[in-house]
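Notes for the one structure printed next.
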Amino acid sequence: MLEVVQICKRFGGVTALDRVSLTVAEGEIVGLIGPNGAGKTTLFHVISGFVRPDGGRLRFAGREVIGLPPHRICHLGLARTFQIVQPFTQMSVVDNVAVGCLFGRRDGRTDVRQARDAALRLLDLVELTGVSTLPAHALNLSERKRLEIARALATGPRLLCLDEAMSGLTTAELDRMVHTIRRVHAELHLAVLMVEHNVRLVTRTCPRLVVLNYGQVVADGPTETVVRDPRVVGAYLGTRSGAGA
Ligand SMILES: Nc1ncnc2c1ncn2[C@@H]1O[C@H](COP(=O)(O)OP(=O)(O)OP(=O)(O)O)[C@@H](O)[C@H]1O
Ligand SMILES: [Mg+2]
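Position 216 of the sequence shown, counting from 1, maps to 204 under our numbering, and the rest follow consecutively.
If you want it as structure tokens, here you go:
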């Protein structure tokens, strides 16, 4: 469904992505890990159309998508969350999601009541029903991360890209977030590509891992194999204290 082929991206002298290739199949759940600055967020920017790559090919849902603006890629069924969550802070939680539902409609129709109903169903899925009428600025970090997921889901994706949905959460919140991501994946039958620093959580959630280091894919395969790969241990697991805990 998503096919990334030899993607390159440079920022001045920094090579953020160096011939990155990976695929994500329909309904798959894949973890993308790697040290700070490895290029994970840049890859998300490229596949969602926010940053144009210097080279390589990118196919999503059977189409070449390089050069398409982010909203067109979104309408093809690719949604992403941002590492820094960015809701409309003055708007209520439900309206934040309803805006996404309206935007996600491929037929251009605007039925606000239907959008609100759809938003409430998504808030139930991510366990935010109790705060649906609050302004988004009143939410704590864990709730803002859930809202960000609901807003991405509102556009009706077939592939959901999550950029550090779990960073900064407490241990109890992390367990709930793993549960939520699994539930979203199972109930909406979508593929998930998730960037995550917490290796324990990502290994629990994803049967397959892709590892980036200095902009290059250094491993890609079943999670049990990848976490034992000496290059991965050397590049990432062995050098980041607590990452494997
Ligand atoms: N807009 C930009 N301009 C210049 N350099 C950039 C830009 N965006 C990213 N970079 C550089 O590209 C490299 C990859 O950054 P990126 O944010 O993709 O890493 P990351 O894997 O998401 O890291 P983190 O785990 O810290 O979020 C880094 O060296 C970063 O400084
Ligand atoms: Mg990042």
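Each residue gets a CB set at the ideal place from its N, CA and C atoms; glycine is no exception.
Bear in mind that the values here come from a model prediction, so they are computed numbers and not experimental data.
Report all residues for which the CB-ligand distance to some heavy atom of ligand 4 is below 7 Å; order them along the chain. Questions concerning ligand 4 fall outside what the structure shown contains, since the ligands it does hold are ligand 1 and ligand 2.
With 16 other CB atoms within 10 Å as the buried threshold, where does Leu148 fall? As a first step, residue 148 must be located in the sequence shown, where it is residue number 160. Buried: at least 16 other Cβ atoms inside 10 Å.
Please find out if some non-hydrogen atom of ligand 1 comes closer than 7 Å to the beta-carbon of Gly144. Reading the sequence shown from its first residue, position 156 is the one you call residue 144. Every heavy atom of ligand 1 is 7 Å or more from the Cβ of Gly144, so no.
On the CB-based measure, 16 or more other CB atoms within 10 Å of its CB, does Ala142 come out buried or exposed? Counting from 1 along the sequence shown, the entry for residue 142 is found at position 154. Flag for Ala142 reads buried.
What first and last residue would you give for the alpha helix (DSSP H) that runs through Cys194? Within the sequence shown, the letter at position 206 stands for residue 194. Taken as a continuous stretch (DSSP letters only), Cys194 belongs to no alpha helix (DSSP H), as it is neither H nor E.
Own chain partners of Val82 with C-beta closer than 8 Å, once the 5 adjacent residues on each side are dropped: Within the sequence shown, the letter at position 94 stands for residue 82. Once the five neighbours on either side are set aside, the close Cβ partners of Val82 are Arg104, Ala107, Leu108, Leu111, Ser120, Thr121.
At the level of alpha carbons, what is the spacing between Val242 and Gly27? Nothing can be reported for residue 242: it is not among the residues displayed for the chain, which extend from -11 to 233.
Could you pull out every residue in the same chain whose Cβ sits closer than 8 Å to the Cβ of Thr117, ignoring the five residues on either side in sequence? Taking the first residue of the sequence shown as 1, we reach residue 117 at position 129. Excluding sequence positions up to five before and after Thr117, its CB lies within less than 8 Å of the CB of Leu108, Leu111, all in the same chain and listed in chain order.
Identity of the residue in Leu176, Leu(-10), Gln74 nearest Val53 by Cα: Along the sequence shown, read from residue 1 onward, the residue named residue 53 stands at position 65. Val53 has its Cα closest to that of Leu(-10), out of Leu176, Leu(-10), Gln74.
Those runs of the beta strand (DSSP E) which lie wholly inside the region 3 to 66 and span at least 3 residues: Listed in chain order, they are 17 to 21, 43 to 48.
Return yes when the C-beta of Phe38 is under 7 Å from any heavy atom of ligand 1, and no when it is not. Locating residue 38 in the sequence shown gives position 50, where the first residue counts as 1. No - ligand 1 has no heavy atom lying nearer than 7 Å to the Cβ of Phe38.
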